[in-house]
Amino acid sequence: MPANNTRRARAARRRKRRVAAVVNDLTDDQWAAIKAAWNGCAYCGKAGSALQRDCVMAISRGGRYTVDNVVPACAACNASKCNDEVTGWLRRKRLDERLFLERYVRIRAELVARVSVE
């Protein structure tokens with residue numbers, strides 16, 4: 537079977553089309569502000585490791601790379617969450633769902649207010 541017809545390659549092409557089809561307006565400055573506000577992985581709290589952009593609402597579920605939908609995630613949390621719904625995933629991983637949601641609402645409000653002022 538040719539490499540471009542593998543299941544993984546087809547999934548990557550579908551994801552690329554989904555990402556290209558939505559408005560993704562997260563700037564590098566906004567991403568830096570998001571990382572500074574969370575000070576580590578938004579899910580497990582791990583600090584000091586490389587952080588990846590993770591959509592709280594996955595792109596496959598209609599999410600976008602925007603300041604109000606992106607949180608920093610360590611590689612382990614980002615890979616584990618995949619495209620799962622965030623609260624169900626937090627419960628399955630036995631992470632503090634309430635702490636995440638309270639911080640998410642507070643940080644998101646601060647960042648969105650900052651963006652609208654600029």
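Using our numbering, you'd call the opening residue of the sequence shown number 537 and step up by one each time.
Glycine is no exception: its CB is placed at the ideal position from the N, C-alpha and C atoms.
Length of the line joining the Cα atoms of residue i and residue j
{"i": "CYS618", "j": "SER585", "result": "19 angstroms"}
{"i": "ASN575", "j": "PRO608", "result": "9 angstroms"}
{"i": "ALA545", "j": "ASN614", "result": "20 angstroms"}
{"i": "PHE636", "j": "TYR579", "result": "7 angstroms"}
{"i": "VAL603", "j": "ARG551", "result": "20 angstroms"}
{"i": "TYR640", "j": "ARG554", "result": "25 angstroms"}
{"i": "LEU562", "j": "ALA556", "result": "14 angstroms"}
{"i": "MET537", "j": "ALA583", "result": "Residue confidence is low: MET537 scores 48 on pLDDT, short of 50, so the model does not pin down where it sits. Its coordinate-derived value is still stated next. Using only the alpha carbons, I get a separation of about 42 angstroms."}
{"i": "ALA611", "j": "ALA548", "result": "18 angstroms"}
{"i": "ARG644", "j": "GLU638", "result": "10 angstroms"}
Start and end residues, beta strand (DSSP E) containing residue i
{"i": "ASP561", "result": "Run containing ASP561: none; DSSP gives neither H nor E here."}
{"i": "ARG627", "result": "Not the beta strand (DSSP E): ARG627 falls in the alpha helix (DSSP H), residues 622-628."}
Residues of its chain near residue i, where Cβ-Cβ distance is below 6 angstroms and the 5 sequence neighbours each way are ignored
{"i": "VAL622", "result": "VAL592"}
{"i": "GLY599", "result": "CYS591, MET593 and ASN605"}
{"i": "SER596", "result": "ASN619"}
Three-state secondary structure (DSSP) of residue i
{"i": "ARG551", "result": "helix"}
{"i": "ALA609", "result": "strand"}
{"i": "LYS617", "result": "helix"}
{"i": "LYS582", "result": "coil"}
{"i": "LEU637", "result": "helix"}
{"i": "ASN575", "result": "coil"}
{"i": "LEU631", "result": "coil"}
Beta-ladder partner(s) of residue i, from DSSP
{"i": "ASP590", "result": "VAL607"}
Cβ neighbours of residue i in the same chain (closer than 7 angstroms, five flanking residues each side left out)
{"i": "LYS571", "result": "LEU587 and PRO608"}
Cutoff 8 angstroms: residue i Cβ touching any chain C Cβ
{"i": "ARG639", "result": "The structure shown contains no chain C; it is built from a single protein chain."}
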